[in-house]
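In full-length UniProt numbering, the protein residues as written are 1 to 385.
C-beta: ideal position from N, C-alpha, C; glycine also.
Written below as structure tokens is the structure these notes are about.
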Amino acid sequence: MKSIPELANFATRAAVDRPKAFQNTPRHGATLEASETSARILAIIFDYALNKFDDSMERFVAGVPKFLCVIDRFVKTGKQVEMCLPAFPFKSANKVYKVLGTLPDKAEELALERLNTMCTRIGGIYRPGAKLTIISDGIVYNGLCCQPFMAVYRERPADLESQKDLLCIPDRDTWAYGEALRTLTAQKGFTHITFSRLQDFMSFAIPEKLNEIVYVANATNFRRQLLNKYGKDDLDIDHEIATNADTLMTYCGYRRFLESDLQHVFPTGKSRTSNGYKKNVKYLAKQMLIRGYAFAGAVKDAFPDHLRLSIHRSTGEHKVSMSLLNTKTGFTTPWHCSVALMADGEWTSAPMGDFKKEPRMELVYEDGRPSHFQERKRELQALGV
């Protein structure tokens with residue numbers, strides 16, 4: 001497996017080799033310099049890439065030529081490098097075991113700081129700098145009603161019939177989460193990060209000043225317009241899962257997170273077997289993929305020249321998969337976990353319930369809300385404090 005430095009060197013070699021076609025042109029020197037700068041920028045981005053899998057680095061190699069071309073377009077014109085990342089939807093529905101609440105906490109702060117630092121480092125080697133637009137995709141996956149769920153499965157638990165939102169996140173919570181992220185970003189001075197919502201790039205008439213009531217009142221309209229404009233009636237999602245490696249990896253990720261996100265909302269028991277629950281989750285994951293395809297089309301139209309980042313594991317050919325939390329565990333998205341500050345000063349990430357089980361961990365509050373866990377100093381542990 002290639003290390004991050006090895007991958008950075010590969011990007012540099014690829015950048016240096018590409019300008020050979022321009023050696024007889026007057027601007028060859030400038031082209032070579034721009035290509036080397038692009039490679040250095042990509043090397044910085046790779047420092048923040050998702051590297052939790054044995055084949056992670058090999059997958060990134062496949063996308064290096066494309067990523068360099070995207071960055072080149074900014075560098076050769078002396079413009080700010082622009083990136084976009086669909087992420088930060090809302091806190092997991094599993095408030096029993098996975099997360100501390102509905103609003104951003106220390107996990108989100110660490111993730112945003114990490115992304116902002118990446119942009120700051122780019123600015124250190126390239127004067128125009130970099131900007132990252134985070135596109136909240138939470139509203140896309142809300143409102144996944146179980147009407148199609150009921151059409152597919154003849155035997156279904158009665159409580160599913162009245163459940164209007166299988167992800168169980170009210171649009172009000174999505175709005176509050178997004179607003180709190182914006183406030184946090186401003187308070188912490190993360191100046192390289194901006195935010196965008198679905199309605200920002202959908203042609204839908206709403207009052208100029210967006211507030212909670214307007215947002216919630218129009219949430220269904222935003223989703224409907226997204227699917228009307230970018231949805232595909234002939235999309236065979238089973239075929240996509242079987243033939244598209246990126247889709248398969250996203251599907252597996254959805255299934256894994258949904259099983260834990262919804263386990264306390266739809267508990268198994270007399271009215272629902274474990275196999276039945278997993279079958280329902282598979283269906284929901286496919287419905288999320290269908291909406292995800294439409295959302296990806298909208299993002300591509302709205303940000304055609306941006307370097308596309310992603311939170312999902314991928315083939316590495318079309319987007320850079322990112323690790324939002326710099327921890328040694330596999331929990332890299334802050335809305336699916338909690339974080340803890342260890343006695344040695346290192347942060348770790350895990351479900352909130354895992355930390356609560358540890359006697360050495362104490363819950364830390366900030367601004368009156370649960371924020372993160374902290375490991376007690378060893379001498380205090382010895383005293384039972």
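query: Would you report the Cα separation of Arg369 and Ala219, rounded to the nearest angstrom?; result: 28 Å
query: Just to confirm my understanding: we take Gly297, look at its own chain, exclude 5 residues before and 5 after, and list those with CB closer than 7 Å. What are they?; result: Tyr230
query: Is it right to say Leu167 is buried, meaning 16 or more other beta carbons lie within 10 angstroms of its own, or is it exposed?; result: buried
query: Within 8 Å, do at least three Cβ pairs link the stretch 97-105 to the stretch 125-143?; result: no
query: On the three-pair Cβ rule with 8 Å, is the stretch 280-289 touching the stretch 256-264?; result: yes
query: Less than 8 Å between the CB atoms is what I'm expecting for Ser323 and Tyr48, so what's the real figure, rounded?; result: 6 Å
query: Could you tell me the boundaries of the beta strand (DSSP E) in which Ser371 lies?; result: 369-375
query: If you drop the 5 nearest sequence neighbours on each side, which residues of the same chain put their C-beta closer than 7 Å to that of Asp173?; result: Phe90, Thr102
query: Give the C-beta separation of Tyr126 and Ile41 to the nearest angstrom, bearing in mind that I take them to be a contact with Cβ-Cβ under 8 Å.; result: 6 Å
query: Lys377: buried (16+ other C-beta within 10 angstroms of its C-beta) or exposed?; result: exposed
query: Roughly how many whole angstroms lie between the Cα atoms of Gly269 and Cys119?; result: 48 Å
query: Whole angstroms is fine: what's the gap from Glu36's alpha carbon to Cys69's?; result: 12 Å
query: Going straight from the alpha carbon of Gly189 to that of Ala62, what length do you get?; result: 35 Å
query: Does Pro334 come out as helix, strand or coil in the three-state DSSP assignment?; result: helix
query: My output table needs one value for Ile125: the three-state DSSP class, helix, strand or coil.; result: helix
query: If you pair each beta-carbon of the stretch 74-91 with each one of the stretch 299-308, do three or more pairs fall below 8 Å?; result: yes
query: Could you check if Lys209 is buried or exposed, using at least 16 other CB atoms within 10 Å of its CB as the buried criterion?; result: exposed
query: CA-CA distance, Leu226 and Met202?; result: 7 Å
query: Just to confirm before moving on: does the CB-CB distance between Thr332 and Leu325 stay below 7 Å?; result: yes
query: Which one of Phe266, Ile290, Ala176 has the shortest CA to CA distance from Lys279?; result: Phe266
query: Could you check the C-alpha separation between Ile139 and Phe222 for me, to the nearest Å?; result: 8 Å
query: Please report the straight-line C-alpha distance between Ala34 and Gly353, rounded to a whole angstrom.; result: 49 Å
query: Return yes when the Cβ of Tyr251 is within less than 7 Å of the Cβ of Leu307, no when it is not.; result: no
query: Look at the alpha carbon of Gly316 and the alpha carbon of Thr247, and state the distance between them as a whole number of angstroms.; result: 12 Å
query: Can you give me the start and stop residues for the beta strand (DSSP E) that Val81 sits inside?; result: 81-86
query: Could you pull the start and end residues of the beta strand (DSSP E) that Ala130 belongs to?; result: 130-135
query: Can you have a look at Asp72 and say buried or exposed, based on whether 16 or more other CB atoms are within 10 angstroms of its CB?; result: buried
query: Can you tell me whether DSSP reads Ser260 as helix, strand or coil?; result: helix
query: CB-CB under 6 Å to Glu366, same chain, minus the five flanking residues each way: which ones, in chain order?; result: none
query: Starting from Ala343, follow the beta strand (DSSP E) in both directions and report where the run begins and ends.; result: Element bounds for Ala343: n/a, residue is neither H nor E.
query: State the Cα-Cα distance for the pair Trp335 and Gly78, rounded to the nearest angstrom.; result: 36 Å
query: Please report the distance separating the alpha-carbon of Thr183 from that of Ser271.; result: 43 Å
query: Considering only their Cβ atoms, is the gap separating Asp137 from Phe355 smaller than 7 Å?; result: no
query: Could you name each continuous alpha helix (DSSP H) segment of 4 residues or more that falls completely within the stretch 230-305, going from the start of the chain to the end?; result: 237-243, 245-261, 274-302
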